[in-house]
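Taken in order, these protein sequences are the chains called H and Y.
With my numbering, the residue at position 205 of the first sequence is 581, and numbering never jumps.
With my numbering, the residue at position 120 of the second sequence is 218, and numbering never jumps.
Virtual Cβ for every residue (Gly too), placed ideally from N, Cα, C.
Just below is one structure, and these are the notes that go with it.
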Amino acid sequence: MAVKKYQKVILILIILFATFLRFYSLSSNPPGLYWDEVIFGYDAYSIIKTAHDHNGNFLPLFFESYGDWKLPVYHYLLVPSILVFGLNEFAVRFPSASFGVLTIIVFFYLLKKLTANINLALLASFFLAISPWHIQFSRGGFESTAGLFLALTGTYLLIIAIHLKNSLAATASGIFFVFSMYSYHAYRIFIPAFVLVLAVIYRKELKKMAASLVIPLAIALFLSVPLIWFSLSTEGKSRATSQSAFKKEDLEKARIDYDQKSKKPLRFMSKYLYQKPVYYAYLAAKGYVSHFSPTFLFTKGDQIGRHSQVDMGQIYIFEAALILVALFNLKMTTTAKIFLAWLLISPIPASIVTPTPHAYRTLQMVIPLVYLTSLGTYQIISQRKPAILKILLAFFALYWFASYLHLLFVHYPKKFAADWQSGYKQMVEKVKKHQDSFENVYITNINQVPYAYVLFYEKYDPQKYFALNGNKDHFDKYYFIDNSVNVYNKGRILYVAPSWEKVDGIWLDAVDDASGRHIYSLWELGGQK
Amino acid sequence: MKKIILALVIFVFAFRIWQTSGCKNYHFFKFEPISVKINVEEQVNTDIGQNRQVSRIFHNKASATFYEITKSYAKLFDSQFILDILGPIGVALMFLALIYTFKTKKLFTLSHLIIVVATPFLVLIGSNTKISLFVQFIAMYSFSLWGIKSLMPNKLQIFGIIFLAISTLWYFALSWQLPSFCNEIFFN
């Protein structure tokens, strides 16, 4: 079905609006680069300058980062971005914002292909464009946004391949799916499970074109080998292990708690109840269902400030009604099966790690939720309901959308400055202002990894960093210390202390974050007579 | 066969009701009107420097009341809360009951669903949390039994129900402290 002229105009307007929502004040909102953004940026900068990451690894396939081993896609996407825009906040966030907009375009074409209903596809694009969940992660340097684009494109190309029996499209689909798995950890579990479900849904069609799928599958498997190898290695497991919901000490604690509080005749049950597979299945089930909580979806969202507005849900309150309408009238078409499977598989990666619910690890949930929202909206608009009811619903939705914009652009930069490590940029600027008259600069690491921020905002030469054997504790004249270090026997130094610390020195300057909160104080030590 | 499944499910639910009898101190679910005032003042304070009229459009008692009531209501349909009450078998049956209701669109089952949706308001406004919660639990248990109507008497489904019933008893044993609605529980 061809897109009519007026529909093209609407699509362009939606894309322009989505672009505005994702790019407006991108450098300053969110108010500061958080740890991962900074190290993504500096690693990409280091790749540009030296072809090595900041840990000295040559064109790594997997980035050591802070020891938590990140996947490569977003790092390499940052290389052209930093080359064009320089090492700054906008460059670090540009790929994520761009892929956020591109996802909307792919989603339109996917729904157009699946449903042959252009108006439904336009509605879905619109709801994705204004989705708080999707906007939140498009406006930060988040790997998952690129991963979602790649997963969606892979799905679209697979549908094309099946409809046209085209092995080239199937190959491209496989490549996009694999690249999605190289973009963010959650997709390493989501993509194989989802592709398996797609294979089941389209089993008849895939059987007919089995011969033409051999090469695409072989290419996809070949490209996946390094990822599989990495996933089985100690480095690959490090992130999952550190975030795992399945900790032996928690199991022991729960069992001891039961033993202490239960009545004696029932105590024997603890050795049967608190078995690892059973208890871990119990934890995973709780983690899984938490992502369908109305509190998480509609009223409070993810409680990590980087992941939501916290004063509202991951999606709009009015979407609850629209989703219910869609479910009430749902017919089990192929499209419905695809998106329901997508919805049910999405929380699996997050359910085995903590904390839950987790909006970043389940960003892929936004796609089926937007599908259901747009389906419900389409059904309401199409039905013979009084116009006044539709107008009231539209007004209600518009009000909540406007409220969200107010929260995003007015409240968010002030309320969540700490979540984005705001203050680090300002700290480095103040250090640069005062450091020339000092041989050594001691900086507190109370807010974690200050070394990365000094590297980033100083645009420190990576070659020099390697030559000086720089590390997270020290490079050049900079020392990054905890409060166990005695700063009074280091001679004359510039000391960057937490704002609350009582220091016996000459006060030089204060550092405030974007919300005006006093974060650090700069002191001269050892120079007093 | 459906009668046997019904008896099994009722037994599992009865076990859970018995467990809840040990709860001495329930979470506070009642809606607090003061939360509206707190919400408005908190949000308006963040708008320092903004146009007051604009601030009041977004942060007013009407919108805050709607939001706070929705937030309190949503807690009573929280997925952890539902799982703690119904267990895996109850959630599966609830899911089937909803499909049955949406498919058949019978007035009786739709009315039953409306009761399930309405009972949390009793908890929000009622003076006795224990009784209000029990009313909500009974409404949810009874509604989920409609899910049994969707079951076919085949081996796979029977095996599935038995597996879910055992998993539910295990789940109820592990979550014996009823963390989503009970602060203090004693073994009876």
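(Q) Under 8 Å: do the region 569-580 of chain H and the region 629-649 of chain H share three or more Cβ pairs, one atom per stretch? (A) no
Q. Secondary structure at aspartate 837(H), three-state DSSP: helix, strand or coil?
A. If DSSP states are grouped into helix, strand and coil, aspartate 837(H) belongs with coil.
Q: Measure from the alpha carbon of isoleucine 714(H) to the alpha carbon of each residue in Leu487(H), Thr479(H), Asn821(H), Val449(H), then state which is nearest.
A: Leu487(H)
Q) Relative to the C-alpha of leucine 597(H), which residue among Ala548(H), Lys613(H), Thr710(H), Phe483(H) is closest? A) Ala548(H)
Q. Do serine 177(Y) and serine 669(H) come within 8 Å of each other at the CB atom, strictly closer than that value?
A. yes
Q | Expected contact under 8 Å - CB spacing of alanine 660(H) and alanine 621(H) to nearest Å | A | About 7 Å separates the two Cβ atoms, so the contact holds.
Q. Cβ of phenylalanine 127(Y) less than 8 Å from any chain H Cβ?
A. no
Q: Check distances from the C-beta atoms of the region 709-741 of chain H to those of chain Y and list, in chain order, the residues that come in under 7 Å.
A: none
Q: Using a Cβ cut-off of 8 Å, pull out every chain H residue sitting near glutamine 178(Y), in sequence order please.
A: Lys662, Val665, Ser666, Ser669
Q: Within its chain, find whatever has a CB closer than 7 Å to the CB of serine 422(H); leave out the 5 residues flanking it on each side and keep chain order.
A: His428, Asp429, His430, Pro838
Q | Candidates Phe206(Y), Phe279(Y), Cys280(Y), Leu272(Y), of which the one nearest serine 638(H) by Cα | A | The shortest Cα separation from serine 638(H) among Phe206(Y), Phe279(Y), Cys280(Y), Leu272(Y) belongs to Leu272(Y).
Q. Since leucine 768(H) meets chain Y, which of its residues come closer than 8 Å, beta carbon to beta carbon?
A. None at all; the shortest Cβ gap to chain Y is about 14 Å.
Q: Taking only the alpha-carbon atoms, compute the straight-line gap between tyrosine 818(H) and proline 602(H) and give it to the nearest angstrom.
A: Rounded to the nearest angstrom, the two C-alpha atoms are 40 Å apart.
Q) If you drop the 5 nearest sequence neighbours on each side, which residues of the same chain put their C-beta closer than 8 Å to that of leucine 533(H)? A) Closer than 8 Å at the Cβ level, and outside the excluded window around leucine 533(H), lie Ala545, Ala546, Ala548, Ser549, Phe552.
Q: Could you tell me which chain Y residues have their CB closer than 7 Å to the CB of valine 786(H), listed as they occur along the chain?
A: Asp145, Gln148
Q. Would a C-beta distance cut-off of 8 Å place phenylalanine 513(H) and valine 746(H) closer than the cut-off?
A. no
**Q.** Pairwise C-alpha distance: threonine 521(H) and arginine 898(H)
**A.** It should be pointed out that residue 898(H) corresponds to leucine in this sequence rather than to arginine. Their backbone Cα atoms lie some 38 Å apart in a straight line.
Q) Quick one: is tyrosine 655(H) near chain Y, going by C-beta distance under 8 Å? A) yes
Q) Is isoleucine 743(H) near alanine 569(H), with beta carbons less than 8 Å apart? A) No, the Cβ-Cβ distance between isoleucine 743(H) and alanine 569(H) is not below 8 Å.
Q. Along the chain, which unbroken stretches of the beta strand (DSSP E) at least 3 residues long are found entirely within the region 834-877 of chain H?
A. 854-857, 869-874
Q) Should phenylalanine 525(H) and leucine 478(H) be called a contact, given that it needs their Cβ atoms to be closer than 8 Å? A) Going by C-beta atoms, phenylalanine 525(H) is nearer than 8 Å to leucine 478(H).
Q.
Here's a check: name, in chain order, each residue in its chain whose Cβ is nearer than 6 Å to the Cβ of leucine 194(Y), leaving out the five neighbours to either side.
A. Gly245, Ser248
Q. Name the residues in the region 105-127 of chain Y whose C-beta lies less than 7 Å from a C-beta of chain H; which are they?
A. none
(Q) Taking the straight line between their C-alpha atoms, what separation do you get for tyrosine 833(H) and phenylalanine 470(H)? (A) 17 Å
**Q.** Check whether alanine 263(Y) and isoleucine 180(Y) have beta carbons under 8 Å apart
**A.** Taking 8 Å as the Cβ cut-off, alanine 263(Y) and isoleucine 180(Y) do not qualify as a contacting pair.
Q | Cβ-based burial, aspartate 419(H) [other Cβ within 10 Å; buried from 16] | A | Under this definition aspartate 419(H) is a buried residue.
Q.
With three or more beta-carbon pairs closer than 8 Å as the criterion, would you say the region 147-160 of chain Y touches the region 201-208 of chain Y?
A. no
Q.
Here's a check: name, in chain order, each residue in its chain whose Cβ is nearer than 6 Å to the Cβ of leucine 106(Y), leaving out the five neighbours to either side.
A. Excluding sequence positions up to five before and after leucine 106(Y), its CB lies within less than 6 Å of the CB of Ala263, all in the same chain and listed in chain order.
Q: Scan the region 728-801 of chain H and note each continuous alpha helix (DSSP H) run of 4 residues or more that stays entirely inside, going in chain order.
A: 742-758, 763-782, 788-791
Q: Figure out for me which residue from Phe111(Y), Asp145(Y), Ser119(Y) has the closest Cα to the Cα of serine 779(H).
A: Closest by alpha carbon: Asp145(Y).
Q.
On the DSSP bridge list, what partners appear for tyrosine 818(H)?
A. Tyr855(H), Tyr871(H)
Q: Measure the alpha-carbon distance for isoleucine 326(H) versus isoleucine 481(H) and round it to whole angstroms.
A: Residue 326(H) cannot be examined here, being either before or after the span of chain H that is shown, 377 to 905.
Q) In angstroms, rounded to a whole number, what distance separates the CA positions of phenylalanine 111(Y) and threonine 753(H)? A) Rounded to the nearest angstrom, the two C-alpha atoms are 37 Å apart.
Q.
Alpha carbons only, please: which of Gln275(Y), Phe270(Y), Thr227(Y) is nearest the one belonging to arginine 114(Y)?
A. It is Phe270(Y) whose Cα lies nearest to the Cα of arginine 114(Y).
Q | proline 762(H), buried or exposed, once every other Cβ within 10 Å from all chains shown has been counted against 16 | A | exposed
Q | Any chain H beta carbon closer than 8 Å to tryptophan 244(Y) | A | So, not an interface residue.
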